[in-house]
Structures are given as structure tokens and as C-alpha cells.
Amino acid sequence: MSPANHDAATRAWVEIDLPAIDRNVGRIKLALPRHVRYVAVVKANAYGHGMPEVATRLMQAGVDCFAVANVEEASRLREIGHEGDILLLSPTLPGEMARAVALGLDITLNSLAEATALAAIVNTSALTAKVHIKVDTGMGRAGVWHEAAPELFTYVRSQARFDWRGIYTHFSEADSDAGFTTEQRQIFLRLLALVAPAEKARMLIHADNSAGLESFSADSPFNAVRIGLMQYGLPPSAGSFLASLKPEPVLSFHAHVVLVKDLPAGTAVSYNRTKVLSRPTRVAIVAVGYGDGVPTAASNRGFFLLHGRRCPILGRVTMDQTILDITDIPDVVAGDIVTILGAQGKDRIAVAEFCAWADCIPWEALCTLTQRVRRVYRTDRT
Ligand SMILES: *Cc1c(COP(=O)(O)O)cnc(C)c1O
């Protein structure tokens, strides 16, 4: 499967394979017990894939609701007409609360101070706040520290204008340390025992992200999962169950060659002499750099595909351009397509491989694709 030469004037672009989203969501849903809700995580511009298009497709594919990082991201979902539930995953600033309530968002409470600020806002309006409590069971990031959680439960119950709709935690080692994850789970389960069955019956109760799918069981007390990376087709870890779901990468990343030339031996390519040519070399200058999302860590290490073959990056990746060694590849001309992530011809550069030489994690490789990179949405693949 090779990229379409859809528009020769586009310098760097990502192709978003929308039908792959349908297939990924379908497989994840099949793997989950039927009562478990699918919370689709679309923060950071849907992991760089483009929020409106991807969110619309996810909805059509049958996810139950969305989660985003903040009010601004949530408002973009409202703008495209999404009227369903949207969970804010991060703490909300006092200055954002009125808007969060007005937009009907599901607000995550992480502290008594945050809850008090929200109460002050709803108590002076006719509105009700939909709230979820996030518990920190050991990650040390968002959420109320578990020992302080019962106090927050009591406060939330005392507020007539709070609608308590959920409780959740986040596992920090879900893809690396099963023992610690079990400890976190047990802390969370002990707290859940303090929530009345009638309260729980109305709540989303969840802890698992994509990595958590590896061990999600039908008798789990949790009735929702928060799925990010897997729906974009990337398993977060090498787990065999995740691999068995055969996730299909949704995104591929391409750019055009803008210049081909021959350089003599001894030329120092790109900045700072990190690469001095040992032989006469034909190079291709590609219209993509760290200004598009190719990290400088890939300098002198990474490869791009051109004519279906691997070409090493020469010298430092620059803001707008990257230089490839194409000495062994005949007939390259300006306008040819280079693939940075994804398949070209018979070869493929997987996100995991890109991450190894770009020194980043898969979430990061996707999120650092910049605005300059055009998003092209394909609906034609099956
Ligand atoms: C981003 C995020 C997720 C999604 O994680 P993936 O590993 O991408 O599935 C889930 N829960 C929370 C709290 C998050 O911030």
C-alpha cells in the first residue's frame, strides 16, 4: 500500500485511513464484555490525527463517549455538534469552570479545592455540574490522593447541584509492572467499597487505558475503559492479546523530495559537521524536518522510504528539510514521495521503529506532528 500522490503541491502530509479506525474500534469492542462502555480518548487533536474528522468517525464506529484533556478541546467537539458526554481528564482551572458547566462537560474533580471552586459557580447559577472523581492510587499525577478521597466523596454528596457520575483512577505501570498495577487496583477497589451500590449504579467506573485491555476480564468491577493509542492502531506494549487484536495503524507520514544533487566526498552535510561524506554521494533533500515532527534525535540514525527502499538520514534533521543518501537508488527526481512513517512498496517503517531512532514514545511521535503537516483523510480503503 503506497501513498497517493494526491497533491503535488503539498510538501509534507499525513494520511489518515478512516476505515482503519472502524476496524480498530470494532475489534476492541468485540474484545470487551458487552456492558463495558468505550470512552474514546481524543485529546491532543486526536493524537495528532485531527480532532473533528477522527471524532466523527469514532462516533460512527460505535464508541460511547469522548475524553479530552481540557475545556478548549471539549468545546471543539461541541462545535462539530457532538451533544453526548465529554469527560475532562485533567484538572480544571477555576477560570475554566463556568465554561465547562455551560458546555455540559463531565468535570473531573481532583481535590477539595477544585470541588469548592466548582460549587461556588453552580450555586450562583441554575445549572448542575456533572462530576467525576479521579483517585490517585500511586501515580502522583492528577486525582485526589487516595487517603484523602473519602473526604472528597462526602463533600460531593453534600452538594445538591453536583451530579456524581463517575469515579476512576489511572495505572502508571499498566504496560510494565503487573505487581504495581495490582496494588493500585486494590487501593481503588477498597475506595469503591465506600461508594453505595445505588450511587455506583449510576456511575462510570474505570481504570484501564489501552494497555489495560491486555488484562481486562469479564468479571472486572469496572464498567468502562479509556482507549487512546489502540484505536489509532498502535499497541502500547508487546502484549500478546493486544497483538491478537491486529490493530491497524491509522496514520502514515509522507513528504516530497524537493531537490536531488551530487556532492563530492568530504562535504559536511547539514549543520555542525556531524556527517562528512566518505564517498561521492547523491542526496535527496526532503521537505520535512523538526518543524513538521521529525525529531533531531533521528539525525544520522533514522531512515525514510523512497522508491520502496530505505535511505539513511545524513547529518542533522533541520527545521524544514532532511537530507537522504540516495546514491544507490536510481532515477529519483524532485516530486518523488518519501515515507517517514508507514508503508511504501514492500517495506514499512513502523511507529515503534521510528521511536527507536527518534528517541520518543509512540504517543509522542503522533502528538508532535505539527500543524504545518497537512492531514489528508482517506475513506477509500477497505
Ligand atoms: C491519555 C489517557 C488515556 C489514554 O491512554 P492510551 O494509552 O493512549 O490508551 C487514558 N486515561 C487517561 C487518564 C489519559 O490521560
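End of the sequence shown sits at 460 in this note's numbering; the numbers just go up one at a time, nothing left out. Don't be surprised by glycine CBs; every beta carbon is placed ideally from N, CA and C.
The beta carbon of residue 314 sits closer than 8 Å to at least one heavy atom of ligand 1. Looking at the DSSP output, residue 445 sits in no beta bridge, so it has no partner there. Residue pairing from DSSP places residue 330 in a beta bridge opposite 93.
For the pair residue 325 and residue 428, the CB atoms are not nearer than the 9 Å cut-off. With a cutoff of 8 Å, residue 306 counts as near ligand 1, since its C-beta is closer than that to a heavy atom of the ligand. Secondary structure note for residue 360: its beta strand (DSSP E) is the uninterrupted segment 359 to 364. Relative to ligand 1, residue 287 has its C-beta within less than 8 Å of a heavy atom. Going by DSSP, residue 263 is part of the alpha helix (DSSP H) stretching over 256 to 270. Judged by their CB atoms, residue 417 and residue 383 are nearer to each other than the 9 Å cut-off. Secondary-structure assignment with DSSP links residue 420 through a beta bridge to 427.
Not one heavy atom of ligand 1 lies closer than 8 Å to the C-beta of residue 443. The beta carbons of residue 145 and residue 179 sit no closer together than 9 Å. For residue 368, there is no enclosing beta strand (DSSP E), since its DSSP letter is neither H nor E. Within the same chain, 422, 423, 424 and 425 come within 7 Å of residue 386 by CB-CB distance, once the 5 residues on both sides are set aside.
Of the heavy atoms belonging to ligand 1, at least one sits nearer than 8 Å to the Cβ of residue 119. In the three-state reduction of the DSSP assignment, residue 249 falls in the coil class. Distance check between residue 222 and each of 183, 269 and 207 places 269 closest, using alpha-carbon atoms only.
Relative to the Cα of residue 250, the nearest Cα in the group 241, 263 and 238 belongs to 263.
Membership of residue 194 in the alpha helix (DSSP H) is indicated by the continuous run 190 to 200. Three or more beta-carbon pairs separated by less than 8 Å are not found between the stretch 344 to 355 and the stretch 100 to 118, which leaves the two stretches without contact. Rounded to the nearest angstrom, the Cβ distance from residue 106 to residue 329 is 17 Å, too far for a contact under 8 Å. Distance from the C-beta of residue 167 to the nearest heavy atom of ligand 1 is below 8 Å. The alpha-carbon of residue 394 is positioned some 38 Å away from that of residue 136. Between residue 160 and residue 197, the CB-CB gap reaches or exceeds 9 Å.
Around the beta carbon of residue 403, 16 or more other beta carbons sit within 10 angstroms, so the residue counts as buried. Ranking 108, 117, 90 and 92 by CA distance to the CA of residue 307 puts 117 first.
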